[in-house]
Amino acid sequence: MTLVVTSEITDEVHVHSDPEVSIDVTPGQTVERTFTIDRPGQVAVESHETGATILQLVVQS
Numbered sequence: 001m002t003l004v005v006t007s008e009i010t011d012e013v014h015v016h017s018d019p020e021v022s023i024d025v026t027p028g029q030t031v032e033r034t035f036t037i038d039r040p041g042q043v044a045v046e047s048h049e050t051g052a053t054i055l056q057l058v059v060q061s
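When you line the sequence shown up against my numbering, it's residues 1 to 61, in that order.
Here's what the structure looks like:
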């Protein structure tokens, strides 16, 4: 999968998969990260700075 993140703040976005993926972002920057999630289920994507869940990915086999 490819995740594209644009942020208004300096932050570290965490994809709580196995292994975990971290994406560093700065204001106004768009970052694109491609990775594989092998386990089916829901995967939270969270802001490290705010602790908020940004989205939930649904991984199907």
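A virtual CB, placed ideally from N, CA and C, is assigned to each residue, including glycine.
Between the Cα of valine 2 and the Cα atoms of Asp18, Gly28 and Thr34, which residue gives the shortest distance?
-> One-based indexing of the sequence shown puts residue 2 at position 2. With the sequence shown as reference, residue 2 is identified as threonine, and valine is not the correct amino acid for it. Of the listed residues, the one whose Cα sits closest to threonine 2 is Thr34.
Beta-bridge pairing of arginine 33 - partner residues as DSSP gives them | Start at 1 with the first residue of the sequence shown, and residue 33 comes out as number 33. Note: arginine 33 sits in a beta bridge opposite Leu3.
Check the Cβ-Cβ distances between glycine 51 and every residue of chain D, and say whether any is below 9 Å.
-> Protein chains in the displayed structure number just one, and chain D is not present.
What's the gap between the Cα of proline 19 and the Cα of valine 43?
-> On the sequence shown, residue 19 is found 19 positions in, with the first residue counted as 1. On the sequence shown, residue 43 is found 43 positions in, with the first residue counted as 1. If I take the Cα positions, the gap works out to 11 Å.
Distance CB(valine 31)-CB(isoleucine 37) smaller than 9 Å = The residue labelled residue 31 in the question sits at position 31 within the sequence shown. The residue labelled residue 37 in the question sits at position 37 within the sequence shown. Not a contact, by the Cβ cut-off of 9 Å.
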